[in-house]
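So that you can map any letter, position 207 of the sequence shown is 207 in UniProt numbering, and since no number is skipped, the others follow by simple counting. Ideal placement from N, C-alpha and C gives every residue a C-beta, glycine not left out. The next block holds one structure in the form of structure tokens; read it before the comments.
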Amino acid sequence: ENSVLFCFYGVCQKLVANVVGGKEIKSLNPLENAISGGMAAFFSSFTLCPTELIKCRLQAMREMATKGQLEGGLQRLTIGPFGLTKEILQAEGVRGLFKGLTATFMREMPGYFFFFGGYEMTRHLLTPAGKTKDDIGATRTVICGGVGGVALWVSIFPADVVKSRIQVQSVSGITPTFREVFMRILRQEGIKALYSGLGPTVIRTFPATGALFLAYETTKKYLGRLHDYMSGNSSS
Numbered sequence: 001e002n003s004v005l006f007c008f009y010g011v012c013q014k015l016v017a018n019v020v021g022g023k024e025i026k027s028l029n030p031l032e033n034a035i036s037g038g039m040a041a042f043f044s045s046f047t048l049c050p051t052e053l054i055k056c057r058l059q060a061m062r063e064m065a066t067k068g069q070l071e072g073g074l075q076r077l078t079i080g081p082f083g084l085t086k087e088i089l090q091a092e093g094v095r096g097l098f099k100g101l102t103a104t105f106m107r108e109m110p111g112y113f114f115f116f117g118g119y120e121m122t123r124h125l126l127t128p129a130g131k132t133k134d135d136i137g138a139t140r141t142v143i144c145g146g147v148g149g150v151a152l153w154v155s156i157f158p159a160d161v162v163k164s165r166i167q168v169q170s171v172s173g174i175t176p177t178f179r180e181v182f183m184r185i186l187r188q189e190g191i192k193a194l195y196s197g198l199g200p201t202v203i204r205t206f207p208a209t210g211a212l213f214l215a216y217e218t219t220k221k222y223l224g225r226l227h228d229y230m231s232g233n234s235s236s
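What follows is the structure, given as structure tokens:
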């Protein structure tokens, strides 16, 4: 998912740069980068939705088996991700793998708007006077990435809870709408249920996304140098 996301992030940055007047990508402001991130998440959602559907269904099957509610009993738990994917394709076709896609869009696009927006805004704030964002160093890059990750999860957590429940309920052949599940949670469990587990997620995501952005920026820097070197050799 991350490879698709960052690939399309670059593509969407170029698109936004052209739309706002032919800027260079490096000249995009935090809002324009945030918009690029939200657009990139549209494309990454198509790779994310099927994998999360399989994960949620396998988790739901394990829970149902322990309660004796799973048709086929414990033997059904021997099916793995590939077996379940094949089963869904045979029973529901390709569309069956994309149940919950609308909820995925509603989670990913605003989430990655805040993810890249939070990252770029923090880079902007931590850039010393007279230097560029590329000069902030590894430690500050990790901090910026961590802030982006926290912004992502704080903004999307309720939508993530709803999406997961939609995909779990699809095990029984029922696919409720995003609004139906959202309102049911509010009525029956209250708003706290939409943020259950947020604390541990934020603690876990800060170093993870910090390392992710450090790897991204380092790779981008070295690929840029390689491109410049190759271009220099070809021109000479």
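Counting only unbroken stretches of 3 or more residues, no beta strand (DSSP E) element lies wholly within the UniProt repeat "Solcar" (28-125). Under the three-state reduction of DSSP, residue 205 is assigned to helix.
Counting the other Cβ atoms within 10 Å of the Cβ of residue 50 gives 16 or more, which makes it buried. In the three-state scheme derived from DSSP, where H, G and I count as helix and E and B as strand, residue 129 is classed as coil.
For residue 24, no alpha helix (DSSP H) encloses it, and the DSSP letter there is neither H nor E. Per DSSP, the continuous alpha helix (DSSP H) segment holding residue 189 begins and ends at 178-189.
Between the alpha carbons of residue 138 and residue 79 lies a gap of roughly 43 Å. DSSP, reduced to helix, strand and coil, places residue 174 outside both helices and strands of the structure shown, so it counts as coil. The alpha-carbon of residue 14 is positioned some 16 Å away from that of residue 224. Cα atoms of residue 57 and residue 211: separation of roughly 30 Å, rounded to the nearest angstrom. The three-state secondary structure of residue 196, taken from DSSP, is coil. Taking 7 Å as the cut-off, the Cβ atoms of residue 149 and residue 209 count as close.
Straight through space, the alpha carbons of residue 158 and residue 16 are spaced by roughly 29 Å.
The residue among 55, 182 and 214 with its C-alpha nearest the C-alpha of residue 142 is 214. Residue 116 places its beta carbon 7 Å or farther from that of residue 155. Within its own chain, the residues whose Cβ lies closer than 6 Å to the Cβ of residue 34, once the five positions on either side in sequence are excluded, are 113, 116 and 117, listed in chain order. The beta carbon of residue 101 is closer than 6 Å to those of 49 in its chain, skipping five residues each way along the sequence. DSSP, reduced to helix, strand and coil, places residue 156 within a helical segment of the structure shown.
The shortest C-alpha to C-alpha distance from residue 126 to any of 30, 107, 227 and 5 is the one to 30. Annotated as proximal: residue 162 and residue 181, with beta-carbon spacing under 7 Å.
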